[in-house]
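Same order as they appear, the protein sequences are chains A and B. Residue numbering for the first sequence follows our numbering, beginning at 8 and increasing consecutively. Residue numbering for the second sequence follows our numbering, beginning at 8 and increasing consecutively. No residue lacks a Cβ here, since even glycine has one placed at the ideal position from N, Cα and C. The structure appears right after this line, and notes come after that.
Protein chains: 2
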Amino acid sequence: MIGEPGVAVTIKDVARLAGVSASSVCRALADPDRVRPETRDRVQTAARQLGYHPNRVARSLITGRTANIGVVLPDLGNPFFPTVVKAIQTQARRRDYAVLLTDTDEDPAVEVPAIRALAMQVDGFLLCSPRAADDELRAVAEKPMVVLNRRISPFPSVTADNSGGMRQAVSHLHALGHRTISYVAGPRTSWSNRDRLRGLRAATSALGMTLIEIGNVAPTVAGGAAAADLVAAAPVTAVLAYNDLVALGLVQRFQARGIAVPGQLSVVGFDDILVAALVGPPLTTVAIGKEQIGRVGVDLLLALMAAPGAAGLDRAGSERAGPGRGGRARRVVPTQLIVRGSTGPVAR
Amino acid sequence: MIGEPGVAVTIKDVARLAGVSASSVCRALADPDRVRPETRDRVQTAARQLGYHPNRVARSLITGRTANIGVVLPDLGNPFFPTVVKAIQTQARRRDYAVLLTDTDEDPAVEVPAIRALAMQVDGFLLCSPRAADDELRAVAEKPMVVLNRRISPFPSVTADNSGGMRQAVSHLHALGHRTISYVAGPRTSWSNRDRLRGLRAATSALGMTLIEIGNVAPTVAGGAAAADLVAAAPVTAVLAYNDLVALGLVQRFQARGIAVPGQLSVVGFDDILVAALVGPPLTTVAIGKEQIGRVGVDLLLALMAAPGAAGLDRAGSERAGPGRGGRARRVVPTQLIVRGSTGPVAR
DNA sequence: GGCCAGTCTGGAATCGTTTCCAGAACATTG
DNA sequence: CAATGTTCTGGAAACGATTCCAGACTGGCC
Numbered sequence: 008m009i010g011e012p013g014v015a016v017t018i019k020d021v022a023r024l025a026g027v028s029a030s031s032v033c034r035a036l037a038d039p040d041r042v043r044p045e046t047r048d049r050v051q052t053a054a055r056q057l058g059y060h061p062n063r064v065a066r067s068l069i070t071g072r073t074a075n076i077g078v079v080l081p082d083l084g085n086p087f088f089p090t091v092v093k094a095i096q097t098q099a100r101r102r103d104y105a106v107l108l109t110d111t112d113e114d115p116a117v118e119v120p121a122i123r124a125l126a127m128q129v130d131g132f133l134l135c136s137p138r139a140a141d142d143e144l145r146a147v148a149e150k151p152m153v154v155l156n157r158r159i160s161p162f163p164s165v166t167a168d169n170s171g172g173m174r175q176a177v178s179h180l181h182a183l184g185h186r187t188i189s190y191v192a193g194p195r196t197s198w199s200n201r202d203r204l205r206g207l208r209a210a211t212s213a214l215g216m217t218l219i220e221i222g223n224v225a226p227t228v229a230g231g232a233a234a235a236d237l238v239a240a241a242p243v244t245a246v247l248a249y250n251d252l253v254a255l256g257l258v259q260r261f262q263a264r265g266i267a268v269p270g271q272l273s274v275v276g277f278d279d280i281l282v283a284a285l286v287g288p289p290l291t292t293v294a295i296g297k298e299q300i301g302r303v304g305v306d307l308l309l310a311l312m313a314a315p316g317a318a319g320l321d322r323a324g325s326e327r328a329g330p331g332r333g334g335r336a337r338r339v340v341p342t343q344l345i346v347r348g349s350t351g352p353v354a355r
Numbered sequence: 008m009i010g011e012p013g014v015a016v017t018i019k020d021v022a023r024l025a026g027v028s029a030s031s032v033c034r035a036l037a038d039p040d041r042v043r044p045e046t047r048d049r050v051q052t053a054a055r056q057l058g059y060h061p062n063r064v065a066r067s068l069i070t071g072r073t074a075n076i077g078v079v080l081p082d083l084g085n086p087f088f089p090t091v092v093k094a095i096q097t098q099a100r101r102r103d104y105a106v107l108l109t110d111t112d113e114d115p116a117v118e119v120p121a122i123r124a125l126a127m128q129v130d131g132f133l134l135c136s137p138r139a140a141d142d143e144l145r146a147v148a149e150k151p152m153v154v155l156n157r158r159i160s161p162f163p164s165v166t167a168d169n170s171g172g173m174r175q176a177v178s179h180l181h182a183l184g185h186r187t188i189s190y191v192a193g194p195r196t197s198w199s200n201r202d203r204l205r206g207l208r209a210a211t212s213a214l215g216m217t218l219i220e221i222g223n224v225a226p227t228v229a230g231g232a233a234a235a236d237l238v239a240a241a242p243v244t245a246v247l248a249y250n251d252l253v254a255l256g257l258v259q260r261f262q263a264r265g266i267a268v269p270g271q272l273s274v275v276g277f278d279d280i281l282v283a284a285l286v287g288p289p290l291t292t293v294a295i296g297k298e299q300i301g302r303v304g305v306d307l308l309l310a311l312m313a314a315p316g317a318a319g320l321d322r323a324g325s326e327r328a329g330p331g332r333g334g335r336a337r338r339v340v341p342t343q344l345i346v347r348g349s350t351g352p353v354a355r
């Protein structure tokens, strides 16, 4: 590579060295079969010699494609998201896409401006657990969008089987003798929270159990700790938390108050973040294929972008974009209860 | 906002509606004082009416600036990094920059290609704990670069006061009566690992303690668990780990083998990731201002980009770029030992 | 009233690439 | 050998914004 140190080498430099026109360079590199083998070789040699790499910005301008995807999520501080992002990033790179990341700090009001700001530099969006209202998100969808951990028609989505997870968790608790349990709810704006609650209600009522719902808290350790006293005051023998962080906050506060887990109170989390296995007692929780969510999300988005009328919202009355082609697919990844040490038989 | 749904509104549309030329629209929006107040108002009204936002790609092409910064890091799965990235992201957004993220999966060979691939779409790089060789990184530096958690001349860097942290940790252990301790080293390619080891050696020898170094392991829980047996076999009463994940792996394996922590063996981590406080026993560890690292990194990078000869490497014999202006600043953020439950007096 | 300075504006060039179009070169066929 | 078709190539336009330059207009001043 002999490229001048500071100055970028352009297609014209290659053209000059190869003794052909810029158009031919472009063709030789983009679609080698459209030029004579001899020119192809000359161009490719020249390009290699100069260390030429096409300017993606200039290319974007004319093709309208950026080869970037935008990822918007509420909080990197929640270990759930980095795992998903990592999977997204890996899969995106494999497909030659780069990832533009925005953390909205759990603030719904930041989401729409953030999407708008990124819109021009990406070919599509992956919205992880978006907090804004359905209508707002639909209104801002000029680019293809895939939603993770939430369903918003008409976007394709990837969600976890929250109901299934809750069913497993509840029947586990039921088997241990628990009959009255509590749920510590996450953010009101979280679709996963609503979905988990829905599944939980169905599961408990199916088994004739009593469910006491405890207000919405931030999906953090602090949020869980804040709710712990309310839970302790309720006549329950077990508690399910919106997610692992909340569960950890609960356990921490229980232990600080001398409430034995699982001796006096069983605790179940959701997500199976790394730390769940490490705390004392290790947390019983519902595992989600986080990598799968990220990976499938990327695939869905790429399919959507490749689809014929690849705008964010299909135009009114568009031909049926079959879910098979990524049109408005709804993928559900399985969940699985991981029984660890934070749940046990009901006391007495 | 009356913009056509699918078609992007360009500067020409605004110009037409406002009855002025494109140049005037550009001036009115970029630098309102350079046009007559009346034109300014007409343009601004028209722009608002059409929902015009300048196309950043087109702008990049002519200005050469992208308003993106590239972040490269080894593993989002290590909770240390999401925290740093979150701070980076927040600070970048505040300065109107977007963040392009790449996770290299701890593979040095991925780093350079990743940087090269991103180079054209960013104005500068933030390399978090890069694993590649100094020379490779210098060779790939066409854009301004700031290095986090490592020092590579001539790049500005932000590092933690590893030596100071180790000194605190060692004197804590010394006060508890420990005299022979072990260090479980992280990746050989990690500068932080070498820096921590350096500080550790200095601190132990200053206090006349014996240090037994145990091979390089992956900076993960599994890595720590893998080293645990070696540690247990060594004649030590305490062990310092490269980072918290390794420490957690050690503790986990010790407990599995019935070795009491801190009863028989004290364990100290590094980083103070969220989970450190939650495990049982809670981990004594050295805290780093992770947010500060990210924030300062962004500030340094922005200063570097704004600097006169803002190429990656200053040209040979460049005028002294004072560290004050971000030239080749070396910022060190303080560390602090957090004493929790995984350390205690030496047995007997 | 004329001249100069200053303000404001429009047109054109530019960034680097892709793509359309038309023409050149060559081969094929009658 | 002419007519036709095919392959390959170069020039030019285009993407959308910024910026340079020169011209138009205004105002002030003598």
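Item                                                                                                                                                                           : Value
Would you identify the three-state DSSP class for residue 29 of chain B, choosing helix, strand or coil?                                                                       : helix
Use the C-beta contact count for residue 273 of chain B: other C-beta atoms within 10 angstroms, 16 or more gives buried, fewer gives exposed.                                 : buried
CA-CA distance, residue 166 of chain B and residue 97 of chain B?                                                                                                              : 19 Å
My guess is that residue 68 of chain B and residue 35 of chain A are in contact by the Cβ rule of under 8 Å, so how many angstroms apart are they, rounded?                    : At roughly 23 Å, the Cβ-Cβ gap does not stay under 8 Å, so residue 68 of chain B and residue 35 of chain A are not in contact.
Which residues in chain A sit within 7 Å of residue 90 of chain B, going by Cβ to Cβ distance?                                                                                 : 84
Got a sec? Which residues, its chain only, sit under 6 Å from residue 338 of chain A by beta carbon, not counting five neighbours each side?                                   : 165, 303
Answer yes or no: does any C-beta atom of chain B fall closer than 9 Å to that of residue 112 of chain A?                                                                      : yes
Of the choices A:18, A:93, A:265, whose alpha-carbon is the least far from that of residue 299 of chain A?                                                                     : A:93
For a contact defined as C-beta to C-beta under 7 Å, what are the partners of residue 287 of chain A on chain B?                                                               : 286, 287
Should residue 45 of chain A go down as buried or exposed, given a rule of 16 or more other Cβ atoms within 10 Å for buried?                                                   : exposed
Within the chosen definition, does the segment 150-158 of chain A reach the segment 124-138 of chain A through at least 3 CB pairs nearer than 8 Å?                            : yes
Here's the rule I'm using: 16 or more other beta-carbon atoms within 10 Å means buried, otherwise exposed. How should residue 25 of chain A be labelled?                       : buried
Locate the beta strand (DSSP E) running through residue 278 of chain B, then write down its first and last residues.                                                           : 273-278
Beta-carbon within less than 8 Å of residue 347 of chain B's beta-carbon, same chain only, minus the 5 sequence neighbours each way: which residues are those?                 : 283, 284, 288, 289, 290, 291, 292
What span of residues does the beta strand (DSSP E) with residue 132 of chain A cover, start to end?                                                                           : 131-135
Below 9 Å between beta carbons: does that hold for residue 259 of chain A and residue 238 of chain A?                                                                          : no
Give a yes or no on whether 9 Å exceeds the smallest Cβ distance from residue 19 of chain A to chain B.                                                                        : no
Closest to residue 335 of chain B by CA distance: which of B:75, B:124, B:84, B:151 is it?                                                                                     : B:151
Taking the alpha carbon of residue 120 of chain A as the point to measure from, which residue in B:208, B:103, B:78, B:193 has its own alpha carbon closest?                   : B:103
Please report the residue range of the beta strand (DSSP E) in which residue 80 of chain A lies.                                                                               : 75-80
For the segment 58-72 of chain A, which residues have a beta carbon sitting closer than 8 Å to at least one beta carbon of chain B?                                            : 60, 62, 63, 64, 65, 67, 68
Are any of the Cβ atoms in chain A nearer than 9 Å to that of residue 2 of chain B?                                                                                            : Residue 2 of chain B is absent from the structure shown; chain B starts at 8 and stops at 355.
Please go through the segment 159-232 of chain A and give each complete alpha helix (DSSP H) segment of 4 or more residues, from N-terminal end onward.                        : 169-182, 198-213
According to the Cβ coordinates, are residue 286 of chain A and residue 286 of chain B closer than 9 Å?                                                                        : yes
Quick check on the DSSP output: what are the complete alpha helix (DSSP H) runs of length 4 or more inside the segment 46-76 of chain B, in order along the chain?             : 63-70
What are the partner residues of residue 339 of chain A, as DSSP defines its beta bridges?                                                                                     : A:166
Could you tell me the alpha carbon to alpha carbon distance between residue 59 of chain B and residue 33 of chain B, rounded to whole angstroms?                               : 12 Å
9 Å is my cut-off, CB to CB: does residue 259 of chain A come that close to chain B?                                                                                           : yes
Do the CB positions of residue 80 of chain B and residue 107 of chain B come within less than 9 Å of each other?                                                               : no
How far does the alpha helix (DSSP H) with residue 90 of chain A in it reach, from first residue to last?                                                                      : 87-101
Evaluate contact between the segment 248-259 of chain B and the segment 243-263 of chain A, counting only Cβ atoms and requiring at least three cross-stretch pairs below 8 Å. : no
So, using beta-carbon positions, are residue 253 of chain A and residue 351 of chain A closer together than 9 Å?                                                               : no
Measuring straight from C-alpha to C-alpha, what distance separates residue 281 of chain A and residue 41 of chain A?                                                          : 52 Å
So, does the CB of residue 292 of chain B fall closer than 9 Å to a CB anywhere in chain A?                                                                                    : no
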